[in-house]
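Residue numbers (our numbering): 7 to 268. The C-beta atom is built at its ideal place from N, Cα and C for all residues, glycine as well. Every value quoted in this text rests on a predicted model; they were computed, and no experiment measured them.
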């Protein structure tokens, strides 16, 4: 791995190991992610413990970008609900750690530009969570993941050009099936209502989670919605969000991009 390469790490539960599987996941960003996940599990398990077990059995890998106001890096990678040998639930996560300023400069294009890295990470995460990749072989899979991450911080270039050259009509058809579909109007009305509320505040702060449809365009659509939010939402109202969208190749019936602001 190159000296200036983005650090790759993993953390979580896999069915071939009795405890947490971990590699290099010791930074403040990884600790913040662990705390965030555990809070969510505790809240969800109170009422839906059976669904956690079902999620570990049937879930698919999900791409994520985790940002915390307490850290100066962002985790970009793939996670999937999983369990250990005793059946205890916890996701398995594999990610690279990106300096927050570099991430901020490229966030608009990341869901699309990061596709090669996310594809390789999803392959490893799915195999580990299914138990077809033994935890002792996880480290051997990391060089291929690291190589796929090499272009993550490259200038957007062709990615930005391709996104900018996509006609909105074709983009909308890929999501709703019909350019005149009413969902398009509802989505933009809701977004404008939120922005109008922010503009009326003395100290604006976005407290909503925003969810956008992706359709067949996947990472390209996620990049568009993310870029739209970055341009419409005042920076002081919305720090870096934590984002989730389907991992490349994941069979998802209703793909969405979810942006959660701290």
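Inter-residue spacing [alpha-carbon to alpha-carbon] between residue i and residue j
i           : j           : result
residue 71  : residue 232 : 12 Å
residue 7   : residue 153 : Only weak support exists for where residue 7 lies, its pLDDT of 39 falling under 50; the value from the coordinates is given anyway. So the alpha carbons of these two residues sit roughly 8 Å apart.
residue 9   : residue 156 : With a pLDDT of 41 at residue 9, under the threshold of 50, the modelled position of this residue cannot be trusted, and the question is left open.
residue 183 : residue 48  : 39 Å
residue 26  : residue 60  : 20 Å
residue 123 : residue 50  : 30 Å
residue 114 : residue 78  : 18 Å
residue 200 : residue 217 : 13 Å
residue 197 : residue 226 : 20 Å
residue 180 : residue 230 : 13 Å
residue 203 : residue 112 : 27 Å
residue 46  : residue 264 : 16 Å
Residue nearest to residue i in terms of C-alpha spacing, selected from the options
i           : options               : result
residue 255 : 127, 27, 187 and 109  : 127
residue 222 : 23, 200, 141 and 262  : 262
residue 29  : 81, 14, 43 and 42     : 14
residue 57  : 88, 137 and 98        : 88
residue 81  : 19, 94 and 42         : 42
residue 12  : 103, 75, 39 and 23    : 103
residue 92  : 86, 23, 151 and 267   : 23
residue 86  : 16, 195, 135 and 245  : 135
residue 215 : 237, 245, 188 and 230 : 245
Which residues DSSP lists as bridging residue i, in chain order
i           : result
residue 270 : Residue 270 is absent from the model: the chain starts at 7 and stops at 268.
residue 251 : 69
residue 79  : 105
residue 217 : 264
residue 18  : 27 and 98
residue 86  : 98
8 Å Cβ cutoff, residue i in contact with chain C
i          : result
residue 98 : Of the protein chains in the structure, only one exists, and it is not chain C.
Beta carbon of residue i nearer than 8 Å to that of residue j
i           : j           : result
residue 100 : residue 66  : no
residue 19  : residue 109 : no
residue 252 : residue 224 : yes
residue 74  : residue 35  : yes
residue 238 : residue 228 : no
residue 90  : residue 173 : no
residue 150 : residue 139 : no
residue 195 : residue 185 : no
residue 144 : residue 16  : yes
residue 68  : residue 250 : yes
residue 171 : residue 190 : no
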